[in-house]
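What follows is a single structure, written as structure tokens, with notes after it.
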Amino acid sequence: MGLREEAMGCVRLTVTGTVQGVGFRAYVRDEARHLGVTGWVRNRANGSVEVLACGPETALAALTARIAKGPAGAQVMGVGREAADEGRIPESFLVRYDEI
Numbered sequence: 001m002g003l004r005e006e007a008m009g010c011v012r013l014t015v016t017g018t019v020q021g022v023g024f025r026a027y028v029r030d031e032a033r034h035l036g037v038t039g040w041v042r043n044r045a046n047g048s049v050e051v052l053a054c055g056p057e058t059a060l061a062a063l064t065a066r067i068a069k070g071p072a073g074a075q076v077m078g079v080g081r082e083a084a085d086e087g088r089i090p091e092s093f094l095v096r097y098d099e100i
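Quick note on UniProt numbering: the sequence shown kicks off at 1 and runs consecutively.
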């Protein structure tokens with residue numbers, strides 16, 4: 001029985017709650033790399049965290065669930081998710097420091 005290859009996709013997540021100043025971006029980066037997801041994470045000026053994540057749907061679903069839980073010290077109030085149409089899929093997962 002062979003492995004079925006999943007289509008790659010990208011999603012944009014907006015995470016709200018107590019998600020800045022608690023190691024949230026490093027947590028997302030580590031979880032994404034563990035799952036083989038590429039993209040980036042950054043703080044937003046409004047106190048939320050934005051994530052661009054690209055990978056197979058099962059990995060994206062797992063990352064979304066882990067983000068909803070968050071690291072110790074974080075209090076995630078919500079995770080908004082929408083499809084992202086990225087022309088070029090990132091090769092790794094990075095923490096971005098360009099706050100918007």
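Ideal placement from N, C-alpha and C gives every residue a C-beta, glycine not left out. No experiment lies behind these values; they were computed from the predicted model shown.
A direct Cα-Cα distance of roughly 18 Å separates ALA61 from VAL49. With contacts defined by Cβ atoms closer than 8 Å, ALA53 and ALA83 do not form a contacting pair. By the neighbour-count definition (other C-beta atoms within 10 Å, threshold 16), TYR97 is an exposed residue. Around the Cβ of ARG25, a 10 Å sphere holds 16 or more other Cβ atoms; the residue is buried. Proximity to ALA45 across VAL19, GLY55 and THR38 peaks at VAL19, based on C-alpha coordinates.
In this structure, the beta-carbon distance from TYR27 to GLY55 does not fall below 8 Å.
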